[in-house]
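>
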Amino acid sequence: FPPLSLLTLAGMTPQDKYKMIVRDEHVESSDVDEHVDIVAIQTYISSAYRAYELADKYRERGAKIIMGGLHATSLPHEAAQYADAVCIGPAETVWNKILDDFEKGRLCKFYQGECTGSAALVPKPRRDLMNPKAYLLRNTIVTSRGCPHHCDFCYKSTFWGKNYYETRPISKVEEELDDVQDGLVFFLDDNLLANKSYCRQLFHSLKGRGITWQSAASLDVAKDPQYLKEAYESGCRSLFIGFESLSSESMKSVNKNVNAVTDYEEAIRVIHASGIMINSSFVFGFDNDDADIFDRTIEFGIKNKLETASLHILTPLPGTPVFTQMESSGRLLHKNWSLYDVYHAVFQPKRMSPQELEEGHQRTIKEFYSYGSIINRALGTDGALKRMAYNIGLWKVDPLWRAIIKFGLMPHAKEILRGRLLYKDQAQKEKADVFDRIISPSRLQNYNNSTAAA
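-16 is the number of the first residue of the sequence shown in this note's numbering; add one for each residue after it.
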């Protein structure tokens, strides 16, 4: 995705005073030798050291550094060692003051952004400042901020607070939808479908635009099949759902009360019945987890035909209750932030060793995305080839995606994603069905048996 926060701040910055450049180090290198007067750096925990390194280099060349984002908000005094000013929380409510203070040469060390009212201030991002060929999904839009649920391991609560949830004016969202050209949108809300009355307005705005979209939602959305049907009719084809664990005790221990583990399978059935795919999320390392959690999760995913899964190691992030608990009990192994990336065990688990947690996590990823698992999860589904391609395309061919970005072929990849994997209308579905008939369930099963035997 493009760096939406930086593009949003660029949208708030007066163009008659500032010439703006946006650098995303996921797709390009920063040029610290270019002449700049002020640099805004967004920090996330696993890239914090790189952010600090860049800040030092730019400061050596005379630039003023404004640091913000999740990590800077969680540990503002740490970030302040490398910045002239630190923005705590959302920047929209203080960005104009920061610029005014910069122009007058009187930057404060800390600026406290206010959550309430910030959603209405979000302008149209300056997407013209990014390289459209560098991203699979260029159109990222936020319609709301915060989440009604407050899980103890979630980083976002440290940024937005525990009692904040706010939607943007529909008219502002529609302005961004008007600019969508390739028909693919990812709504980056933490919980898009939380406000039904608001979302029904959004669904109405989406209809007739030819847009296919994805977003995140909590599991309780499955309690309203009609609501899911309306989401599908407006273009929804995939939802990120945080299942997190197959243990009810684990969910209680981190205050994720919205998840009733006994309802998981029925919820999946309801969401799938609406025509919407599921990008599931599972976290390993809760205090109730032992070594069998990995196999149980793989089996659950295959049995319930989960299209994809984001598989993470529990990571105690600064500012969260989980971090506070583990720090106070002496269970943190270190504070090397570069390893706080959800792929390393940075704490002492209760029922396995850190090495067992890391090895089990890696094995789960490998087995969940093995060709045999991909085929098993596709067998018997509507659009089996679509689901296979979705898995293979997004998880098995990372070098190919890098080549696509390098050689500027992203527009073609986006057309494939929209037309083949997330078909929007009946004509696209019929084209997909032709391929699904060519690779029939029996042929898939035969191939699966042969790979299993090998």
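Beta carbons: idealized from backbone N, C-alpha and C, even for Gly.
Taking the Cβ atom as the reference point for each residue, do L171 and V204 lie within a distance shorter than 8 Å?
The answer is no: Cβ separation not under 8 Å.
> Using CA coordinates, which residue listed in L167, E11 and K235 is at the minimum distance from G193?
Closest option to G193, Cα to Cα, is L167.
> Taking 8 Å as the threshold, find out whether the stretch 96 to 115 comes into contact with the stretch 209 to 224 through three or more Cβ pairs.
Flag = no, the stretch 96 to 115 and the stretch 209 to 224 do not touch.
> Quick one: Cα of D39 to Cα of D324, how far?
Looking at the two C-alpha atoms, the distance is approximately 23 Å.
> Where S311 and Q331 are concerned, what is the direct C-alpha to C-alpha distance, given to the nearest angstrom?
Cα to Cα, the separation comes out at about 13 Å.
> Output the distance between the C-alpha atoms of V15 and D272, rounded to the nearest integer angstrom.
Cα to Cα, V15 sits roughly 45 Å from D272.
> Output needed for V69: all residues of its chain with C-beta closer than 6 Å, excluding positions within five of it in sequence on either side, in chain order.
If we look at V69 and ignore the five residues flanking it on each side, its Cβ neighbours are M50, A55, P59, A62, A63 and F93.
> Closer than 8 Å is the cut-off here; do at least three beta carbon pairs connect the stretch 213 to 231 with the stretch 265 to 284?
Yes, the stretch 213 to 231 is in contact with the stretch 265 to 284.
> So, does the stretch 312 to 322 touch the stretch 289 to 296, judging by three or more C-beta pairs under 8 Å?
Touching, no, given that fewer than three Cβ pairs across the two stretches are closer than 8 Å.
> Can you tell me the Cα-Cα spacing of Q95 and K2, whole angstroms?
Each residue's Cα considered, the two are about 26 Å apart.
> Exposed or buried, K47, counting other C-beta atoms within 10 Å across all chains shown (16 or more means buried)?
The residue is buried, with at least 16 neighbouring Cβ atoms inside 10 Å.
> Taking only the alpha-carbon atoms, compute the straight-line gap between F186 and S217 and give it to the nearest angstrom.
Their backbone Cα atoms lie some 5 Å apart in a straight line.
> Using three-state DSSP, classify L(-10) as helix, strand or coil.
Helix at L(-10).
> Taking only the alpha-carbon atoms, compute the straight-line gap between I21 and A74 and give it to the nearest angstrom.
Cα-Cα distance, rounded: 15 Å.
> What are the start and end residues of the beta strand (DSSP E) that includes A328?
Unbroken run through A328: none, as it is neither H nor E.
> So, under 8 Å CB-CB, L340 and F265 are touching, yes? Tell me the CB distance rounded to an integer number of Å.
Actually they are not in contact, since the Cβ atoms of L340 and F265 sit about 13 Å apart, beyond 8 Å.
> Along the chain, where does the alpha helix (DSSP H) containing H344 start, and where does it finish?
It spans P337 to F351 - the alpha helix (DSSP H) in which H344 sits, taken as one unbroken run.
> From C219, A(-7), R314 and E290, pick the residue whose C-alpha is nearest to that of W78; which is it?
That would be A(-7), whose Cα lies nearest to the Cα of W78.
> Could you tell me if F169 is buried or exposed, where buried requires 16 or more neighbouring beta carbons within 10 angstroms of its beta carbon?
It is buried - the Cβ of F169 has at least 16 other Cβ atoms within 10 Å.
> List the residues that DSSP assigns as beta-bridge partners of S221.
Answer is Q197 and M260, bridged to S221.
> Does the stretch 353 to 370 come close enough to the stretch 300 to 309 to have 3 or more Cβ pairs within less than 8 Å?
With a cut-off of 8 Å, the stretch 300 to 309 and the stretch 353 to 370 do not count as touching, because too few Cβ pairs lie within range.
> Check whether the Cβ atoms of L222 and I261 sit closer than 8 Å, and answer yes or no.
Yes, they are a contact pair.
> Alpha carbon to alpha carbon, how far is H255 from T280? Give it in angstroms, no decimals.
Distance between the alpha carbons of T280 and H255 is about 19 Å.
> On the DSSP letters alone, give me the boundaries of the beta strand (DSSP E) that Y94 sits inside.
Its beta strand (DSSP E) spans residues F93 to Q95.
> Just the C-alpha distance for I24 and R33, rounded to the nearest angstrom, thanks.
Taking the straight line joining both Cα atoms gives about 10 Å.
> Nearest-angstrom Cα distance between D173 and G355?
Near 32 Å, if we compare the C-alpha coordinates of G355 and D173.
> Mapping DSSP to helix, strand and coil, what is A274?
The answer is coil: DSSP assigns A274 none of H, G, I, E or B.
> Where does K47 sit, in a helix, a strand or coil, going by DSSP?
Strand at K47.
> Can you tell me the Cβ-Cβ gap for V329 and P299, rounded? I've got them flagged as a contact below 8 Å.
Rounded, the Cβ-Cβ distance is 7 Å, consistent with contact.
> In whole angstroms, what is the alpha-carbon distance linking E232 and L160?
One C-alpha to the other measures close to 42 Å.
> So, at 7 Å on beta carbons, what are the nonlocal neighbours of I348 in its own chain, with the 5 sequence-adjacent residues on each side left out?
Excluding sequence neighbours, I348 sits near L294.
> Which ranges would you report for the beta strand (DSSP E) in the stretch 124 to 179 if only whole runs of at least 3 residues count?
Qualifying beta strand (DSSP E) stretches, in chain order: 127 to 129, 148 to 150 and 167 to 170.
> When you compare only the Cα positions, how much space is there between V237 and Y27?
Their backbone Cα atoms lie some 22 Å apart in a straight line.
> Do you know whose CA, among H133, G45, V19 and W143, lies nearest L53's CA?
Ranking the options by Cα distance to L53, first place goes to W143.
> On the DSSP letters alone, give me the boundaries of the alpha helix (DSSP H) that H317 sits inside.
H317 -> no alpha helix (DSSP H), and no H or E assigned at all.
> Looking only at its chain, what residues have a beta carbon closer than 8 Å to the beta carbon of I81, apart from the 5 residues adjacent to it on each side?
So the list reads I49, A68, C70, A74, L90 and Y94, once near-sequence residues are dropped.
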